[in-house]
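Enquirer:
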Amino acid sequence: MTDEYAASGEFLDILIRDAWTILREPVADALRGLDPAAGPLADLGSGSGRGVRLLAELAPEADILAIEPSPVLRAALLAHLADGCLNGRQTAPTLGRTRP
Numbered sequence: 002m003t004d005e006y007a008a009s010g011e012f013l014d015i016l017i018r019d020a021w022t023i024l025r026e027p028v029a030d031a032l033r034g035l036d037p038a039a040g041p042l043a044d045l046g047s048g049s050g051r052g053v054r055l056l057a058e059l060a061p062e063a064d065i066l067a068i069e070p071s072p073v074l075r076a077a078l079l080a081h082l083a084d085g086c087l088n089g090r091q092t093a094p095t096l097g098r099t100r101p
């Protein structure tokens, strides 16, 4: 599989910061009222994890499944997931491996 973000992925979090500033509230409004009891929340194409952090804020009791196929973006995602408020609340499975 070719990583489309191999050359630019390390800069993505910086480059999308302004977009997330604009889109954060509309996305949050759309996600308000999620039922964490319905099952884990999933962020497909998690990038550097900005959406995962928003899910964690909106549904503090929910389990979160973060899926990011790009190895470069996955490294940024895992760095953000190590944050104390997210540590242990999410799963970021490695592609090709079976989830326990």
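So the number in this note's numbering is just where the residue sits in the sequence shown, counting from 1, plus 1.
The beta-carbon is built from N, C-alpha and C at its ideal position, and this holds for glycine as well.
Select from Pro61, Leu55, Val53, Leu45 the residue whose C-alpha is nearest the C-alpha of Glu69.
Expert: Leu45
Enquirer: Is DSSP giving Ala43 helix, strand or coil here?
Expert: Note: Ala43 maps to strand in three-state DSSP.
Enquirer: Which class does Asp14 belong to by DSSP, given the choice of helix, strand or coil?
Expert: helix
Enquirer: Could you name the residues of the same chain whose beta carbon sits closer than 8 Å to that of Val28, not counting the 5 residues immediately before and after it, in chain order?
Expert: Gly52, Leu55
Enquirer: Are the CB atoms of Tyr6 and Leu66 within a distance shorter than 8 Å?
Expert: The Cβ-Cβ distance between Leu66 and Tyr6 does not fall below 8 Å.
Enquirer: What's the C-alpha gap between Ala39 and Ala57?
Expert: 15 Å
Enquirer: Thinking C-alpha only, which one of Ala76, Asp64, Ala80, Leu82 is nearest Asp36?
Expert: Distances from the alpha-carbon of Asp36 to those of Ala76, Asp64, Ala80, Leu82 put Asp64 closest.
Enquirer: So is Gly34 buried or exposed if we call it buried at 16+ other beta carbons inside 10 Å?
Expert: exposed
Enquirer: If you run the structure through DSSP and keep just helix, strand and coil, what is Pro70?
Expert: coil
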